[in-house]
Amino acid sequence: MKVYTPSYYNKFECKKGGCAHSCCIDWEIDIDDKTKEKYKNVSGEFGKKLKKEIENGHFLMDENKRCPFLNKNNLCDIYINLGKDALCQICSDHPRFTNVFEDREEIGLGLSCEACVDIILEEKEKTKFEPKIEPKNEQVENEFFTLRQKIFDILQNRRETVQNRIKTLIKEFDVTIPEKSTDEWAEFLLSLEILSDDWKNLLENLKENENFSFLSEEKWQIALEQLIVYFVYRYVKPYDLSVSHYLAFCIVNFNLILEIFKKSNDLSFDSFKNIVRMYSAEIEYSPQNTEDLMFEIQFS
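The following block contains the structure:
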C-alpha cells in the first residue's frame, strides 16, 4: 500500500521534557491489548508499578492529571526503563494521525502538539503530499485525489488572500456555512466537554479588537494557508459525507480558530499558535466534541 505524508513530516521531533503542554498530562491514555499483555510480563519493582498504575485498560492519572509514568523531568519512565518498543500504541503514534483509503494510507501531524503547531504554521513552502513509501505506479490516481488536488491548488494560490481562496472554494463546491456569530459559536463550544481551564477562560473572555491589518502580512497568510490545508488533508474523505460537507467542517474549524484569536487578549503569533493547539486538543482529539461539531454544522 502507498503511504503519503506532508512535506514537513520529517521535521517533527518531540520536545520531550522541554514541552510546555505535555501530551502525558490531562489526557486519559488507553492501553492497547498487545501492550497490556507485554506489561503483565515485566518483572521487578517496575513491573509491580505497571500493574498498580493500570486500571480498566488505561493508566491511572495522579491528582494533577499526570500520567503516573511521567517523571519530575517530564520524561517517560516506561521509555527510560523498557525502551521505545514498550510504549502503548497511542503513545507511539501521537501526535501522528492516519487516514486509510482503498489503495493508500496518509499520515499527518496533529495540531494538539506544540511542536507540530510550530512546524506546520511556520512552514514557508507550499505543503506537498509525498509518498513515504514509493508507489509502484505513481500515475494511478482516482477521482477523489484529483478532486482534492484541485482544492489544494485553490487554497495554495498565493496570488489571492487566504480568505478569498476560501470564498472561491465555497462557491466552486457549493459549501454551506452556518450563519452564527463568534459569540454564538463560543457558547456552543462551552457546551462541549472541556479539557482545560485555559480554554474555558479564553471562550468566556472574548472581547472586541479592531485592527487586524497584520493578518495580510506574508507570515500570517502562509500560516493561515497551512492551517486550512491541514484541515482538508485530515478531514476531507471520499466516503460517508459529500466533499462539500467535509469542506464545511474544515472551513468552520479554520474560521473558529481565527475568530477566537481575533477576540482574544493577545494578538501575537505565539498566542495564535497556542489557540490552534488548544482548539485541536479540545475539539479534534475528543471524538464526541468532533461529532457534536459536525452535527451542528450540518443541521444548524
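To convert, take the position in the sequence shown, counting from 1, and add 32; that gives this note's numbering. Glycine included, every Cβ here is placed at the ideal spot set by N, Cα and C.
| query | result |
| --- | --- |
| What residues in its chain sit with their C-beta under 6 Å from that of Glu-154, if we drop five residues either side in the sequence? | none |
| Excluding the 5 residues preceding and the 5 following His-277 in the sequence, name in chain order all residues of the same chain whose CB lies nearer than 7 Å to its CB. | Gln-330 |
| Which value, in whole angstroms, describes the spacing of the CA atoms of Tyr-40 and Phe-161? | 9 Å |
| What's the C-alpha gap between Lys-287 and Asp-65? | Before going further, note that residue 287 is Asn rather than Lys in the sequence given. For Asn-287 and Asp-65, the distance between alpha carbons rounds to 39 Å. |
| From this set, Lys-305, Leu-234, Asn-321 and Ser-332, which residue's C-alpha is nearest Ile-152's C-alpha? | Lys-305 |
| Work out the CA separation of Phe-263 and Asn-106 for me, nearest whole Å. | 30 Å |
| Would you kindly check if the distance between the Cβ of Val-194 and the Cβ of Glu-240 is under 7 Å? | no |
| Of all the options Phe-246, Asp-62, Asp-109 and Lys-97, which has the alpha carbon lying nearest to the alpha carbon of Asn-88? | Asp-62 |
| Looking at C-alpha atoms only, which residue of Glu-314, Cys-56 and Glu-45 is the closest neighbour of Ser-223? | Glu-314 |
| Restricting to runs no shorter than 3 residues, where is the beta strand (DSSP E) found entirely within the stretch 146 to 232? | 161 to 165 |
| I'd like to know whether the C-beta atoms of Pro-127 and Lys-34 end up nearer to each other than 7 Å. | no |
| To which residues of the same chain is Ala-118 closer than 6 Å at the C-beta, ignoring the five residues directly before and after it? | Ile-110 |
| Assuming the contact rule is C-beta atoms closer than 8 Å, Val-268 and Leu-279 should be a hit. Round their C-beta distance to whole Å, please. | 6 Å |
| Mapping the DSSP letters down to three states, classify Asn-321 as helix, strand or coil. | helix |
| Tell me the rounded alpha-carbon separation between Leu-201 and Gln-181. | 12 Å |
| If we require 4 or more residues per run, which alpha helix (DSSP H) segments fall completely within the stretch 247 to 275? | 250 to 267 |
| Does the separation of the CB atoms of Arg-309 and Glu-146 fall below 7 Å? | yes |
| For a test of the three-state rule: what should DSSP assign to Ile-139, helix, strand or coil? | strand |
| Decide if the stretch 94 to 105 is in contact with the stretch 129 to 139; the criterion is three or more beta carbon pairs, one per stretch, under 8 Å apart. | no |
| For Leu-187 versus Val-275, is the C-beta distance shorter than 7 Å? | no |
| Here's a check: name, in chain order, each residue in its chain whose Cβ is nearer than 8 Å to the Cβ of Leu-235, leaving out the five neighbours to either side. | Ala-218, Leu-221, Leu-222 and Ile-292 |
| Let me make sure I understand the geometry here. Which of Tyr-265, Ala-52 and Lys-43 has the alpha-carbon closest to that of Phe-176? | Tyr-265 |
| When the Cα atoms are used, what is the spatial distance from Lys-232 to Asp-324? | 17 Å |
| What does a CB cutoff of less than 7 Å around Phe-205 pick up in its chain, not counting 5 residues either side in sequence? | Val-275, Ser-276 and Leu-279 |
| Relative to the C-alpha of Thr-37, which residue among Lys-68, Arg-136 and Cys-108 is closest? | Arg-136 |
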